[in-house]
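A short write-up of the structure that comes next.
Number of protein chains: 2
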Amino acid sequence: MKYAIVGAGAIGLFYGSKLVQSGAEVHFLFHTDYNHVKTNGLQIESVLGNFSLNNVNAYSDAKQMPKCDVVLVCLKTTQNHLLPQLLAPIVNQNSTIVLIQNGLNQEQIVAQHFATQNIVGAMAFICSNKIGAGHIRHLDYGKLTLGIFRGQTNDMQQLSSDLQNAGIETEITPDLNKARWKKLVWNIPFNGLCVALNTTTDQLMQNTYTHTLVYDLMCETIAAANACGCNIKPDFADKMMHNTDQMKPYLPSMRLDFDNHRQMEIQAIYAEPINTSFQVGFDMKKTKMLMQQLQFIQASYMQ
Amino acid sequence: MKYAIVGAGAIGLFYGSKLVQSGAEVHFLFHTDYNHVKTNGLQIESVLGNFSLNNVNAYSDAKQMPKCDVVLVCLKTTQNHLLPQLLAPIVNQNSTIVLIQNGLNQEQIVAQHFATQNIVGAMAFICSNKIGAGHIRHLDYGKLTLGIFRGQTNDMQQLSSDLQNAGIETEITPDLNKARWKKLVWNIPFNGLCVALNTTTDQLMQNTYTHTLVYDLMCETIAAANACGCNIKPDFADKMMHNTDQMKPYLPSMRLDFDNHRQMEIQAIYAEPINTSFQVGFDMKKTKMLMQQLQFIQASYMQ
Chain A
15 MKYAIVGAGA IGLFYGSKLV QSGAEVHFLF HTDYNHVKTN GLQIESVLGN FSLNNVNAYS
75 DAKQMPKCDV VLVCLKTTQN HLLPQLLAPI VNQNSTIVLI QNGLNQEQIV AQHFATQNIV
135 GAMAFICSNK IGAGHIRHLD YGKLTLGIFR GQTNDMQQLS SDLQNAGIET EITPDLNKAR
195 WKKLVWNIPF NGLCVALNTT TDQLMQNTYT HTLVYDLMCE TIAAANACGC NIKPDFADKM
255 MHNTDQMKPY LPSMRLDFDN HRQMEIQAIY AEPINTSFQV GFDMKKTKML MQQLQFIQAS
315 YMQ
Chain B
15 MKYAIVGAGA IGLFYGSKLV QSGAEVHFLF HTDYNHVKTN GLQIESVLGN FSLNNVNAYS
75 DAKQMPKCDV VLVCLKTTQN HLLPQLLAPI VNQNSTIVLI QNGLNQEQIV AQHFATQNIV
135 GAMAFICSNK IGAGHIRHLD YGKLTLGIFR GQTNDMQQLS SDLQNAGIET EITPDLNKAR
195 WKKLVWNIPF NGLCVALNTT TDQLMQNTYT HTLVYDLMCE TIAAANACGC NIKPDFADKM
255 MHNTDQMKPY LPSMRLDFDN HRQMEIQAIY AEPINTSFQV GFDMKKTKML MQQLQFIQAS
315 YMQ
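Order-wise, the sequence lines are chains A and B.
First residue of the first sequence? That's 15 in the working numbering, and the numbers climb one at a time after it.
First residue of the second sequence? That's 15 in the working numbering, and the numbers climb one at a time after it.
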């Protein structure tokens with residue numbers, strides 16, 4: 015089994031280095047950090063134990079990489095327009111492309127460009143931040159949920175097994191679409207409100223007004239998901255509220271993007287769910303309002 | 015005719031000094047600016063012409079003031095809990111209390127404390143800022159719309175006539191409730207969004223996403239008003255959008271309150287319309303979301 019990691023940030027470096035720990039052959043595609051990693055390797059600070067990796071299979075150009083059985087795409091969805099060019103040299107006809115990404119409908123977009131490959135969607139339930147070149151800090155959680163979008167792939171089971179051997183919890187879901195919507199139930203309120211109100215998850219939970227607003231947005235997301243045929247139970251919102259109460263104060267990925275004046279994943283996390291549910295007659299009114307605010311905020315710092 | 019001005023800020027000083035210009039007897043109640051005004055008088059910079067007033071009838075204590083025929087209440091609604099105490103020494107049984115304030119339902123609250131007096135609601139369509147002690151800058155507009163809440167008052171006509179003599183446009187509306195809701199159609203989107211997104215009216219109009227959001231909030235407010243029996247035509251939102259396009263960039267009063275870490279008029283402008291329409295079965299979903307955000311923001315700078 016040959017693995018490729020495309021997008022070596024907080025998520026890609028975590029799962030990639032864990033696969034190396036389990037004995038797998040892993041090829042990492044780097045952008046700005048290539049020279050640093052070639053010289054200094056990777057540093058992983060993790061609640062599961064710190065470690066570092068030297069002699070990493072690091073590349074600065076996808077065309078130098080070998081064909082891989084499984085390609086883990088860990089880029090932000092805002093970079094998905096690059097995937098046709100980045101993935102073409104790495105995949106063969108039977109490769110499995112795994113999108114470890116937020117939001118909705120990204121598998122469809124990749125599927126249009128890669129007609130024969132297996133396509134898997136994956137959701138990382140993890141608190142992990144990149145704190146320097148080739149250096150990440152894994153704060154909490156780590157579970158990876160996988161689901162087939164297209165194809166019949168044994169390689170997904172192998173990936174799951176290899177991660178489990180490295181101490182990572184994995185789950186294979188029979189309903190990728192439902193799992194993606196369930197992740198949105200958390201991502202839609204917390205990513206957007208942490209940017210719009212320039213705050214953190216714990217502050218939103220402590221204020222009685224935003225506590226209600228978070229819950230309202232969760233319920234709206236569940237209603238939209240169910241209009242799209244997902245059959246998520248209403249008490250899932252209560253579970254997510256309870257889980258968030260147990261979490262340490264956390265800056266969601268969109269807040270980090272905002273703080274660093276990077277493009278936010280507004281399309282994948284907001285526009286796609288809003289448009290998909292609108293097509294079946296459901297109007298995500300509050301989610302749409304949050305998206306409009308995020309677009310205004312992003313326009314204030316990006317061209 | 016004796017006039018009293020309670021709340022000598024940007025609005026109270028403008029209309030009060032215009033009444034003085036028209037020859038009326040006006041008594042001003044000041045809070046922090048009393049000593050300054052007693053010594054230096056009032057400075058009015060206005061698009062209608064600059065002027066200053068010396069020998070102002072200024073008071074620091076309502077109990078020193080004479081009984082007045084017409085009391086113009088120009089406090090922020092956040093100070094309305096002070097009105098029973100402030101107005102009692104100034105009014106007689108036949109006085110007319112005029113609330114020049116934003117929002118909804120404030121006349122009801124005052125009516126509970128003043129059982130026999132005439133009560134008038136008024137809306138100032140004016141861009142006027144206080145720029146120093148006893149010193150205001152009137153940038154644009156100035157029209158005052160008046161409507162009876164309780165009683166039969168000739169003094170309201172006299173007030174209207176005196177203001178007109180001073181060059182101020184006035185209008186007497188037969189439907190105060192409808193007029194209050196029509197003002198909310200502008201106040202609900204612009205006051206709140208200028209705080210939540212830390213911006214100005216022109217920026218909200220220029221961005222395509224917030225342009226749509228402003229319009230959505232206007233339409234929601236019109237629908238709520240009509241659920242309360244107001245019969246506002248849907249194209250009123252289009253008129254308000256057009257009017258705002260013609261305006262100079264403007265900081266609404268709530269944005270000034272936010273900038274100066276003062277309490278915002280969330281109760282009068284948001285909670286009252288939301289609760290009033292909810293009682294007749296209309297859910298102002300987006301307006302409620304904006305209110306929740308404003309409450310979170312206010313809690314971040316006030317105890």
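Just so it is clear, CB atoms sit at the ideal spot from N, CA and C, and this is done for glycine as well.
As the structure is a prediction and not an experimental result, all values here were calculated from the model.
Inter-residue Cα distance where the pair is residue i and residue j
i: B/K197; j: B/N212; result: 22 Å
i: B/Q312; j: A/E39; result: 53 Å
i: B/G30; j: B/E121; result: 21 Å
i: B/I150; j: B/M137; result: 19 Å
i: A/I111; j: A/G135; result: 8 Å
i: A/C233; j: A/P248; result: 7 Å
i: B/F296; j: B/A241; result: 7 Å
i: A/I283; j: A/T46; result: 26 Å
i: B/I318; j: B/G165; result: Residue 318 of chain B lies beyond the range of chain B shown here (15 to 317); nothing can be said about it.
i: B/D169; j: B/N64; result: 28 Å
i: A/G243; j: A/W195; result: 11 Å
i: B/T53; j: B/Q35; result: 19 Å
i: B/N245; j: B/T258; result: 22 Å
i: A/M15; j: A/R269; result: 36 Å
i: A/M298; j: B/Q171; result: 48 Å
Residue i - containing beta strand (DSSP E), residue span
i: A/Q41; result: Note that residue 41 of chain A is His in the sequence shown here, rather than Gln. Note, A/H41: beta strand (DSSP E), E39 to L43.
i: A/D154; result: H149 to R164
i: B/M79; result: Premise fails: B/M79 is in no beta strand (DSSP E) and is neither H nor E.
i: B/G135; result: N132 to G146
i: B/T110; result: V105 to I114
i: A/S60; result: L56 to S60
i: A/F128; result: A/F128 -> no beta strand (DSSP E), and no H or E assigned at all.
i: A/K16; result: K16 to V20
i: A/L67; result: F65 to L67
Beta-carbon spacing of residue i, residue j below 8 Å
i: B/C82; j: B/I114; result: no
i: B/V84; j: B/L177; result: no
i: B/G161; j: B/E183; result: no
i: A/M254; j: A/V199; result: yes
i: B/Q309; j: A/Y223; result: yes
i: B/T91; j: B/N116; result: yes
i: B/D230; j: B/K144; result: no
i: A/I140; j: A/I25; result: yes
i: B/V228; j: B/P188; result: no
i: A/Y73; j: A/L33; result: no
i: B/T215; j: B/Y264; result: yes
i: A/A193; j: A/T159; result: yes
i: A/G146; j: A/L89; result: no
i: B/H127; j: B/P98; result: yes
i: A/H275; j: A/Y315; result: yes
i: A/A125; j: B/Q307; result: no
Cβ distance (whole Å) where residue i is taken to contact residue j below 8 Å
i: B/A321; j: B/S291; result: Outside the shown range of chain B (15 to 317) lies residue 321 of chain B, about which nothing can therefore be said.
i: A/L62; j: A/G148; result: 18 Å between Cβ atoms; not a contact.
i: B/L207; j: B/L218; result: 6 Å
i: A/S109; j: A/N205; result: With a Cβ gap of about 30 Å, A/S109 and A/N205 do not count as contacting.
i: A/H50; j: A/A18; result: In fact, because the Cβ distance is near 20 Å, the residues do not count as touching under 8 Å.
i: B/E279; j: B/L118; result: Between B/L118 and B/E279 the Cβ distance is about 11 Å, and since that is not below 8 Å, they are no contact.
i: B/I288; j: B/M303; result: 10 Å between Cβ atoms; not a contact.
i: A/Q107; j: A/T130; result: 5 Å
i: A/L100; j: A/A76; result: 5 Å
i: B/F28; j: B/H152; result: 6 Å
Enclosing alpha helix (DSSP H) for residue i [first to last residue]
i: B/Y73; result: Segment N71 to Y73 is the beta strand (DSSP E) holding B/Y73; no alpha helix (DSSP H) there.
i: A/A180; result: Where A/A180 is concerned, there is no enclosing alpha helix (DSSP H), given that its DSSP letter is neither H nor E.
i: B/T222; result: T222 to A241
i: A/E279; result: Neither: A/E279 is in no alpha helix (DSSP H) and is coded neither H nor E.
i: A/I246; result: Where A/I246 is concerned, there is no enclosing alpha helix (DSSP H), given that its DSSP letter is neither H nor E.
i: B/S36; result: Segment: none, B/S36 is in no alpha helix (DSSP H) and carries neither H nor E.
i: A/G206; result: L190 to A210
i: B/N289; result: E286 to F292
i: A/K300; result: K299 to Y315
query = Residues in the stretch 286-303 of chain B with C-beta within 9 Å of chain A's C-beta atoms, listed in sequence order?
reply = K299, K300, K302 and M303
Under 7 Å (Cβ pairs) to chain B, residues found in the stretch 221-238 of chain A = N221, Y223, T224, T226 and L227
task = Compile a chain-ordered list of the residues in the stretch 31-61 of chain B whose CB is closer than 9 Å to at least one CB of chain A.
result = none
request  = Could you list the residues in the stretch 135-168 of chain B with a C-beta less than 7 Å from some C-beta on chain A, going in chain order?
outcome  = none
message = By the 8 Å beta-carbon criterion, what residues does the stretch 173-203 of chain B contribute toward chain A?
response = none
inquiry  = By the 7 Å beta-carbon criterion, what residues does the stretch 97-117 of chain B contribute toward chain A?
reply    = Answer in chain order: no residues at all.
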